[in-house]
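S.K.: Shown below is the structure under consideration.
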Amino acid sequence: MLELDQVRAGYGAINVLWDVSLRAEAGQLTTIIGPNGAGKTTLLRAIMGLVPVTAGEIRLNGERLNGTPTWEMADHGIAMIPEGRMVFRDMSVEENLIMGAFHKSHRAHVKRRLEEAYEMFPRLRERRTQLAGSLSGGEAQMLAMARGLMSDPRLLIIDEPSLGLAPLIVNELFEILERLKAGGRTIILVEQNTERAVAVADHVYLVQSGRVALSQVASEVKLKHLHELYFAR
Ligand SMILES: Nc1ncnc2c1ncn2[C@@H]1O[C@H](COP(=O)(O)OP(=O)(O)O)[C@@H](O)[C@H]1O
Ligand SMILES: [Mg+2]
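So in this note's numbering, spot 113 of the sequence shown is number 890, and the numbers just go up one at a time.
Have a look at this one:
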C-alpha cells in the first residue's frame, strides 16, 4: 500500500502540491483525475523521487519512500509509465521491452516476461522487429505499458495513457487495465477520461490546483457532481 501524507512538492521556488494526502490500497486501482496543470504528473514524479518532497511523507507499506533515489524504485516493486509514451524510437519493439528489464534481478526472467508481454499485447509480437518510432500512437502506448510490466512491478503508475488515442484503442487500453487489475496488481492511474477512469477504478481522487478536492470510493461517485467539481474554478 502506498500512502501520501500531507505532501508538498514542486519545482524549486514554485510549489505545486499543497498538503496532498492519498492512499493507493494493495490490489486496487486508484485513479487520480483533474484538469490540465492540476499537478497530477508532479504527484507521480514525487512518488518516483523525480521531484523532491519538501514537506510531508510518502510511505510504501508503512516505510518512508521519499528520499529514495528513482533508480531504486524498481527494487521496491514500483514502475512508472510516463505521460507521452516515451519509447526508444530508434530501437525495435523487442529491444524496448528488454530495456524494461534492465535491473539485474530481472534479467534471468527476460524470456518469460517477453512471452507474457506478447500474450497480453499480441500486436507487439507481430511488430517485434519493427522500430518503435514506426508504431501508431496506440501501439506505442501498448509498448510503453508492456515495457513497464517487464520488471513485474507490484505497483504500476500510469500517466494519462489514453491521451490522444482513437476511441477504439482507448477501449482496448481500458480492457488491458481491467486485466492488469484482475491480475492483482496495485495500480495508480492518472486520467483525463473521467468516465472511463471512474468505471475501472476502486477509488477516485480529484486533484485541483495541487490539492485533493475529492476522495471517494469509485462505486459512490456521481459523475455529474464530479464534473461540476472538475470545472469549478
Ligand atoms: N519542470 C517544471 N518546472 C516548473 N513548473 C512546472 C514543471 N512541470 C510542471 N510545472 C508546473 O506545475 C503545475 C502542474 O503541472 P503538472 O503536474 O504537469 O499537471 P498535470 O499533470 O495535472 O497536467 C503546472 O502549473 C505546470 O506549469
Ligand atoms: Mg500530466
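Cβ coordinates follow ideal geometry from the N, Cα and C atoms, glycine included.
Leaving out five residues before and five after residue 904 in sequence, what residues of the same chain have Cβ atoms less than 6 angstroms from its Cβ?
M.R.: As a first step, residue 904 must be located in the sequence shown, where it is residue number 127. Around residue 904: 870.
S.K.: Would you mind reading off the limits of the alpha helix (DSSP H) that contains residue 922?
M.R.: One-based indexing of the sequence shown puts residue 922 at position 145. It spans 914-926 - the alpha helix (DSSP H) in which residue 922 sits, taken as one unbroken run.
S.K.: Based on the DSSP secondary-structure assignment, which residues constitute the bridge partners of residue 979?
M.R.: What you label residue 979 is simply residue 202 of the sequence shown in a count that begins at 1. Its beta-bridge partners do not exist; DSSP assigns none.
S.K.: When you compare only the Cα positions, how much space is there between residue 976 and residue 852?
M.R.: On the sequence shown, position 199 is the one that residue 976 refers to. On the sequence shown, position 75 is the one that residue 852 refers to. Cα-Cα distance, rounded: 31 angstroms.
S.K.: With DSSP collapsed to three states, give me the class of residue 852.
M.R.: Locating residue 852 in the sequence shown gives position 75, where the first residue counts as 1. Three-state DSSP puts residue 852 in a helix.
S.K.: Hey, would you say residue 828 sits closer than 7 angstroms to residue 878, going by beta carbons?
M.R.: Along the sequence shown, one-based indexing puts residue 828 at 51. Along the sequence shown, one-based indexing puts residue 878 at 101. The answer is no: Cβ separation not under 7 angstroms.
S.K.: Would you kindly report the start and end of the unbroken beta strand (DSSP E) that includes residue 792?
M.R.: In the sequence shown, counting from the first residue as 1, residue 792 sits at position 15. Unbroken beta strand (DSSP E) run through residue 792: 791-801.
S.K.: Quick check: is any heavy atom of ligand 1 less than 6 angstroms from the C-beta of residue 971?
M.R.: The count along the sequence shown starts at 1 and reaches residue 971 at position 194. No, the beta carbon of residue 971 sits no closer than 6 angstroms to any heavy atom of ligand 1.
S.K.: Is DSSP giving residue 910 helix, strand or coil here?
M.R.: For this step, residue 910 is matched to residue 133 along the sequence shown. The answer is helix: DSSP assigns residue 910 an H, G or I state.
S.K.: Please state if the CB of residue 983 and the CB of residue 950 are separated by a distance shorter than 7 angstroms.
M.R.: As a first step, residue 950 is located in the sequence shown; it is residue number 173 there, counting from the start. As a first step, residue 983 is located in the sequence shown; it is residue number 206 there, counting from the start. Not a contact, by the Cβ cut-off of 7 angstroms.
S.K.: For residue 887, which residues from the same chain have a beta carbon less than 7 angstroms from its beta carbon, with the 5 sequence-adjacent residues on both sides left out?
M.R.: Your numbering for residue 887 matches position 110 in the sequence shown. Counting only Cβ-Cβ distances below 7 angstroms, and skipping sequence neighbours, we find 875, 878.
S.K.: Pairs of beta-carbons, one from the segment 858-866 and one from the segment 919-927, closer than 8 angstroms: are there three or more?
M.R.: Segments in contact, yes.
S.K.: For residue 817, count neighbouring C-beta atoms within 10 Å of its own C-beta (all shown protein chains included) and say buried if the count is 16 or more, exposed if not.
M.R.: The count along the sequence shown starts at 1 and reaches residue 817 at position 40. Buried, by the Cβ-count rule.
S.K.: Checking 7 angstroms against the spacing of the C-beta atoms, do residue 794 and residue 837 come in under that value?
M.R.: Numbered from 1 along the sequence shown, position 17 holds the residue referred to as residue 794. Numbered from 1 along the sequence shown, position 60 holds the residue referred to as residue 837. No, these two residues do not count as a Cβ contact at 7 angstroms.
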